[in-house]
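Residue numbers (mature numbering (1 follows the signal peptide of the UniProt record, and there is no 0)): -22 to -1, 1 to 110.
Cβ atoms here follow ideal geometry from the backbone N, Cα and C, with glycine treated the same way.
Here the structure is a predicted model, which means the values were calculated and not measured.
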Amino acid sequence: MRKLSVLIVTMFCLLSFNQVNAQKEPITAASATKNRGYTVLNKEGAITIYKYQHRAHSPKETEKYAPAYFFTTASSDVLQPLTKDNVKKAFPDNHPFHEAIDATFRSDEELHNYDTYHKMYKLNWLLQEHSH
């Protein structure tokens, strides 16, 4: 009986360790698949925007799990949360782009807005207009 409890505790520790390590792995463009809840919103432009929708819940709980947005750039395929600060850090030397972000977007929630006039995401259009 004692060996069985030691075995159970050991298995629990190993499973917990593996789950913690799996969560710390960065999500890359290659691993952000539909099966994992990610959708690529655009394939054109210097900034690729991803939408993550949590799927492990009942349809009644949809409002509890709002979509999350991420992005990648040509210099890094690791998904970063789509925030004004993170986008500015991805383009550290492009100060006109930083100023355009602040002038155009009031909050991080607006960063994934689509520009129907230019037929592209507003963030990519701003970058295109303010590139060196």
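Which class does A(-1) belong to by DSSP, given the choice of helix, strand or coil? With a pLDDT of only 39 at A(-1), under the threshold of 50, the placement of this residue in the model should not be trusted; the figure read from the coordinates follows. Per DSSP, reduced to three states, the secondary structure at A(-1) is helical.
Is the beta carbon of A24 closer than 8 Å to that of T51? Cβ atoms of T51 and A24: closer than 8 Å.
What is the DSSP secondary structure of K100, counted as helix, strand or coil? Shown here, K100 sits in a helix according to DSSP, grouped into three states.
Alpha-carbon to alpha-carbon, Y92 and Q1: Here Q1 scores only 45 on pLDDT, less than 50, and its place in the model is too uncertain to base an answer on.
Just to confirm the assignment, what range does the alpha helix (DSSP H) spanning K66 have? Run containing K66: K62 to A68, per the alpha helix (DSSP H) assignment.
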